[in-house]
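**Student:** For reference, the structure I am asking about is given below.
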Amino acid sequence: MRAIKLSEVYLVLTFCLGLMLHAADTNPPVVLSAASFDGQTIGIWFSEALNPASATNLANYRIADGDLPPIHLPFRVSDASYAVVEAVLRPDQRSVILKLSNPFPGVSFHVNTKNIQDLAGNSALTGSITPASNIGAADIGNPGVDPKEPGNLFNGDLGSFEVVAGGSGLEGTNDSFHFIYETPRSAALLFLAHVTSLEAANRFSSAGLMVRDDLSPGSRFFSLTVTPPDVPARDGSGNGANTIEVRYRPVAGGPAAELAVTNLVAGLPYADMWLELSLGGRRCSASFIPGQQDRVQLGEFIFQDPFSNQVLAGLATFSHNNSPGFTTKATYSNAGLLRGDVFQGPRLFAEPSITNLVFTWTEPFEFPYFLLSAPEPHLEQRSGERHGSDCKLDPVFRPTICATVSGRHLAA
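Under our numbering, the first residue of the sequence shown is numbered 12, with each subsequent residue one higher.
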């Protein structure tokens with residue numbers, strides 16, 4: 012009789028266990044989260060690896076038909092108007108990027124999926140309410156030259172971004188990086204982001220926050236960025252610098268400068284690293300919040316002229332090595348504005364009220380309406396007579412405003 016070796020028993024048990032585990036995979040893939048940074052590009056996270064053929068089949072995706080509560084979808088959606096025209100399975104096999112035929116004109120919609128199979132062939136109906144933002148993304152600099160390789164992003168959950176970027180960075184008179192930015196805001200805002208990881212393409216690859224006047228490479232800016240952890244960089248430039256940098260360009264077209272931080276931070280805890288950037292008129296300040304605990308003030312800079320009321324705020328990522336094959340990847344979560352009004356521009360209103368004329372205007376960053384002039388109850392308001400650029404009234408009345416409204420020269 013042949014003796015059975017323990018190694019043979021181990022192999023048999025391992026084989027049987029493998030069969031049991033394979034047979035136990037009866038759970039279909041489900042959508043964990045979905046988001047759209049621009050209302051047209053949708054990122055979807057699934058619970059497991061997907062069958063490529065099913066994941067890229069356009070017929071397996073659909074925007075909800077309007078049968079949801081009005082809070083999510085106040086009107087019916089036409090499949091023709093918002094059809095899925097592209098589906099790309101990402102290299103991780105667990106996430107998909109969809110493209111709609113047109114940007115969705117709302118703040119959220121519902122993505123339904125069917126026949127999306129895992130590697131074992133399981134599938135089920137699944138879906139997710141999808142927040143839709145109005146965020147822009149652009150390579151700043153001279154795309155194709157510096158940055159040589161285009162940047163891209165994946166947004167599969169609200170406030171979370173995976174960014175791939177090239178570019179040489181924020182030194183000199185022309186910037187080169189990938190910028191993810193909010194719609195133009197007032198010059199009074201507070202931006203927060205959690206930088207969860209950063210690849211060391213170069214020891215000074217960077218990811219973080221920025222405000223700038225515009226998308227030109229020589230624009231004024233203020234930035235707060237982190238460098239990679241203390242691991243060897245892919246390009247051989249050394250280990251990641253593992254610190255925080257604060258930069259600014261005080262004059263458009265001028266050289267950028269680095270701000271000497273008041274509290275030097277080294278040995279960054281990437282799992283719990285929060286950055287905060289504040290802008291108020293001419294003053295920009297940078298803070299680091301390790302583990303969302305005590306805020307560490309890093310420094311501030313006061314510009315000679317205030318930022319405009321159409322400032323751009325967002326996430327800045329760059330490789331610091333513009334050679335092909337040396338893009339970096341950064342991941343962000345909980346990124347967004349804690350405070351920041353969309354600039355609408357002031358608007359003047361004139362409204363008749365019995366024999367009075369009331370003037371109001373918008374105050375977009377503080378109160379919806381601000382009363383410029385209100386008639387006093389005991390005074391009768393009269394129309395003025397125009398003489399050149401003046402407004403003439405009987406001297407017993409006290410005029411406060413003159414304006415031309417709908418072609419008529421009126422006084423209040």
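Every residue, glycine too, gets a C-beta built ideally from N, C-alpha and C.
(1) If you reduce the DSSP assignment to three classes, tell me which class residue 410 lands in.
(2) As a quick exercise: from 190, 150, 146, 185, pick the residue whose alpha carbon is nearest that of residue 170.
(3) Can you give the Cα-Cα distance for residue 40 and residue 196, rounded to whole angstroms?
(4) Tell me the residue span of the alpha helix (DSSP H) that contains residue 63.
(5) Do the CB positions of residue 158 and residue 177 come within less than 8 Å of each other?
(6) For a quick check, are the C-beta atoms of residue 187 and residue 49 less than 8 Å apart?
(7) Quick one: Cα of residue 37 to Cα of residue 338, how far?
(8) What is the rounded straight-line gap between the Cα of residue 329 and the Cα of residue 368?
(9) Given a cut-off of 8 Å on the beta-carbon distance, is the pair residue 62 and residue 129 in contact?
(10) Hey, could you find the ends of the beta strand (DSSP E) residue 269 is sitting in?
(11) To the nearest angstrom, how far is it from the Cα of residue 272 to the Cα of residue 250?
(12) Keeping to the same chain, check which residues put their C-beta closer than 8 Å to that of residue 4; ignore five residues upstream and five downstream.
(13) Helix, strand or coil: which one does DSSP assign to residue 166?
(14) Leaving aside the five residues before and after residue 242 along the sequence, list all residues of the same chain whose C-beta is less than 7 Å from its C-beta, in chain order.
(15) DSSP three-state label for residue 241, please.
(16) Counting only runs of 3+ residues fully inside the stretch 161-230, write out the beta strand (DSSP E) ranges in chain order.
(17) CB residue 279 to CB residue 237, shorter than 8 Å?
(18) Mind listing, in chain order, the continuous beta strand (DSSP E) runs of no fewer than 3 residues lying wholly within the stretch 267-317?
(19) What are the complete beta strand (DSSP E) segments, minimum 3 residues, inside the stretch 114-140?
(20) Could you tell me which residues DSSP pairs with residue 96 in its beta bridges?
(21) Which stretch, first to last residue, makes up the beta strand (DSSP E) that contains residue 263?
(22) Taking only the alpha-carbon atoms, compute the straight-line gap between residue 385 and residue 302 and give it to the nearest angstrom.
(23) Kindly list the residues whose CB is nearer than 7 Å to the CB of residue 350, restricted to its own chain and excluding five residues on each side of it in sequence; keep chain order.
(24) Could you spell out where the beta strand (DSSP E) holding residue 342 opens and where it closes?
(25) For residue 179, which of 198, 164, 155, 315 has the nearest alpha-carbon?
(26) Assuming residue 121 and residue 108 are in contact, meaning their beta carbons sit under 8 Å apart, how far apart are those beta carbons, in whole angstroms?
(27) Between residue 65 and the rest of its own chain, which residues show a CB-CB distance below 8 Å, the 5 nearest in sequence each way excluded?
(28) Does the Cβ of residue 161 have 16 or more other Cβ atoms within 10 Å, making it buried, or fewer, making it exposed?
(29) Expressed to the nearest angstrom, what Euclidean distance is found between the alpha-carbon atoms of residue 332 and residue 275?
**Tutor:** Let me lay it out:
(1) Model confidence at residue 410 stands at a pLDDT of 38, short of 50, so the residue's coordinates are unreliable and nothing is read from them.
(2) Relative to the Cα of residue 170, the nearest Cα in the group 190, 150, 146, 185 belongs to 146.
(3) 40 Å
(4) 63-66
(5) yes
(6) No, they are not a contact pair.
(7) 39 Å
(8) 56 Å
(9) yes
(10) First-last of the beta strand (DSSP E) with residue 269: 268-270.
(11) 22 Å
(12) What the structure shows of the chain is the stretch from 12 to 423, and residue 4 is not part of that stretch, so it cannot be assessed.
(13) strand
(14) 211, 250, 251
(15) coil
(16) 163-168, 171-176, 188-192, 199-209, 217-223
(17) In contact: residue 279 and residue 237 (Cβ atoms closer than 8 Å).
(18) Look at the stretch 267-317 and you find these whole runs of beta strand (DSSP E), each 3 residues long or longer: 268-270, 284-291, 294-301, 307-313.
(19) 119-124
(20) According to DSSP, which records beta bridges pairwise, residue 96 is partnered with nothing at all.
(21) Segment: none, residue 263 is in no beta strand (DSSP E) and carries neither H nor E.
(22) Caution is warranted here: a pLDDT of 42 is assigned to residue 385, below 50, making its placement in the model unreliable, and the coordinate value is therefore given only provisionally. Those two C-alpha atoms are separated by around 51 Å.
(23) 200, 201
(24) 339-350
(25) Considering only alpha carbons, the answer is 155.
(26) Contact doesn't hold; Cβ gap of about 18 Å is too wide.
(27) 71, 126, 127, 128, 134
(28) exposed
(29) 25 Å
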